[in-house]
Structure formats: structure tokens, C-alpha cells
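For the record, in the sequence shown the residue sitting at position 75 is 75 according to UniProt numbering, with numbers rising by one throughout.
Don't be surprised by glycine CBs; every beta carbon is placed ideally from N, CA and C.
This one's a predicted model, so the numbers in the text were calculated from it and none came from an experiment.
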Amino acid sequence: MNLTIRPVELADVPLLFAFIQKKAEFDRSLGAFSGQLQTSEQALRETLFNAAPYATAVFAEVDRQPVGFALYYFRYSSFQGRPSLWLDDLYIDAFKRGQGIGTRLFQHLVQLGQSHRCSHMAWNAHEDNQRGLRFYQNMGAKIIDQQGSILYFRLNLPIDFSISAAPAKSANQIVG
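Set out below in C-alpha cells:
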């Protein structure tokens, strides 16, 4: 398997929009999303490919075919004097899950966060996404809060992937 991670380019906007639609359907299947997408290809062009983009996206490709994506942006803490990386979306096509693609995509984001001297990465996930929760905890992330059915994760940076993360005791265990 020839796996590459590459930035989404302007010409990729229709494909990115299709992946966002797939992610919305996945979230809908969990009960995590019930509304209609408010974004469009035009909105993605205007917000991701302007002089000061609001977010960035990358594709995971197997043999040059996109099979997943991540969309993220940087935040800043005046108290820490450092940025952090907020992971808004991470999605791998169902037929490609369990092959290490999500791990490589996630590791790419960790390395990106480390290269920008981020203090941490953060994101949220629905409590019914048990496979995703196990994945995030296996990557070393901790659940730091829960609001209703939404779990909030944090992964402090820098981390060393040569040290494997200890398996989580419970997918819903909140670390204080």
C-alpha cells in the first residue's frame, strides 16, 4: 500500500466537499448530527483558499486515490504563549478503516503541531463513536471533558511515537 498525505488544493474543493458530506453522513448515523450542511464548495473556496485561510485540509491517499481527510486550524493561548492545533474533522472511508491510514494521518497532524511548537492538539467526538474513541485513546489522547454526548479530547505535545501509548481502561473515562 502506497500511502501519502498531501495538502488539499483549490482544484480539490469538489472532492473535499464530497468527503465532508460523507463525514456528515457518518456523524448522522451516530446521532451526532441531524441538521443540514451549511457549507458549500463556494464557502470552502472562500474560507480555505483566501489570503488568510481559516483552516487547512489534507488528504490521505492510497495509490494516489483519496481515502480520507483531516481538517484543522491553529488557535492561540495568551496564557501559554503558544498555539494549539484544533482537529475539526478526521475521516477515513469505511472500506479503508483498520489499515493504519487513520494512524498515519493522525501522526502527520501531531508532527505538524510539533513543528509549529503547539502545546497540544484538541478535538471532540461523539460518545457513540466507540471505534474512534478507542483510536484516539490508543494514540495517547485523554478525555478532558464531556458535555452531553460529546467528549472533548486533548493530546499534549510534543510526544514520541516510539513509546506506545498504554491501552485505555474505558472509552469514556474522563481524566481530570
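Q. Counting only beta-carbon atoms, is residue 4 nearer than 9 Å to chain D?
A. This model lacks chain D altogether; it includes just one protein chain.
**Q.** Residues near residue 116 by beta carbon distance below 8 Å, same chain, minus five either side
**A.** Translated into the one-based positions of the sequence shown, residue 116 becomes position 116. Closer than 8 Å at the Cβ level, and outside the excluded window around residue 116, lie 74, 83 and 85.
Q) Distance, Cα to Cα, residue 27 vs residue 37? A) Counting from 1 along the sequence shown, the entry for residue 27 is found at position 27. Counting from 1 along the sequence shown, the entry for residue 37 is found at position 37. For residue 27 and residue 37, the distance between alpha carbons rounds to 12 Å.
Q) Applying the criterion that 16 or more other CB atoms from any shown protein chain within 10 Å of the CB defines a buried residue, is residue 19 buried or exposed? A) Looking up residue 19 in the sequence shown gives position 19. By the 10 Å Cβ count, residue 19 comes out buried.
Q.
Taking its Cβ as the centre, do 16 or more other Cβ atoms sit within 10 Å of residue 95, making it buried, or is it exposed?
A. Looking up residue 95 in the sequence shown gives position 95. Label assigned to residue 95: exposed.
Q: Report yes if the CB atom of residue 46 is closer than 9 Å to the CB atom of residue 17, and no otherwise.
A: On the sequence shown, position 46 is the one that residue 46 refers to. On the sequence shown, position 17 is the one that residue 17 refers to. No.
Q: Could you tell me whether the region 142–150 touches the region 96–113, where touching means 3 or more Cβ pairs closer than 8 Å?
A: no
**Q.** Cutoff 8 Å; reference residue 77; Cβ partners in own chain excluding five residues on either side
**A.** The residue labelled residue 77 in the question sits at position 77 within the sequence shown. Cβ within range, chain order: 83, 84 and 119.
(Q) Less than 9 Å between the C-beta atoms of residue 57 and residue 14, yes or no? (A) Here residue 57 is taken as the residue at index 57 of the sequence shown, counted from 1. Here residue 14 is taken as the residue at index 14 of the sequence shown, counted from 1. Cβ atoms of residue 57 and residue 14: not closer than 9 Å.
Q.
Is it buried or exposed, residue 72, if we count other Cβ atoms within 10 angstroms and call 16 or more buried?
A. For this step, residue 72 is matched to residue 72 along the sequence shown. Per the 10 Å Cβ criterion, buried.
Q) Using DSSP with H/G/I as helix, E/B as strand and the rest coil, what is residue 115? A) The residue you call residue 115 lines up with position 115 of the sequence shown. Helix.
Q: Compute the beta-carbon to beta-carbon distance between residue 68 and residue 101, rounded to the nearest angstrom, for a pair I have assumed lies under 8 Å.
A: Here residue 68 refers to the residue found at position 68 of the sequence shown. Here residue 101 refers to the residue found at position 101 of the sequence shown. Contact flag correct, Cβ pair sits at about 6 Å.
Q.
Short of 7 Å in beta carbon distance, which residues of its chain neighbour residue 159, apart from the five on each side in sequence? Order them along the chain.
A. Stepping through the sequence shown from its first residue, residue 159 is reached at position 159. So the qualifying residues of the chain are 110 and 140.
Q. Do residue 125 and residue 105 have their CB atoms nearer than 9 Å?
A. Here residue 125 corresponds to residue number 125 of the sequence shown, with the count starting at 1. Here residue 105 corresponds to residue number 105 of the sequence shown, with the count starting at 1. No.
Q: Report all residues from its chain with a CB closer than 6 Å to the CB of residue 157; omit the five preceding and five following residues, and keep chain order.
A: What you label residue 157 is simply residue 157 of the sequence shown in a count that begins at 1. Taken in chain order, the residues that qualify are 113, 114, 118 and 120.
Q: Determine the DSSP secondary structure at residue 50, reduced to helix, strand or coil.
A: As a working mapping, residue 50 is identified with position 50 in the sequence shown. Here residue 50 sits in coil by DSSP.
Q. Over what stretch of residues does the beta strand (DSSP E) that includes residue 84 continue unbroken?
A. For the purposes of this step, residue 84 is taken as residue 84 along the sequence shown, with counting starting at 1. It spans 82–92 - the beta strand (DSSP E) in which residue 84 sits, taken as one unbroken run.
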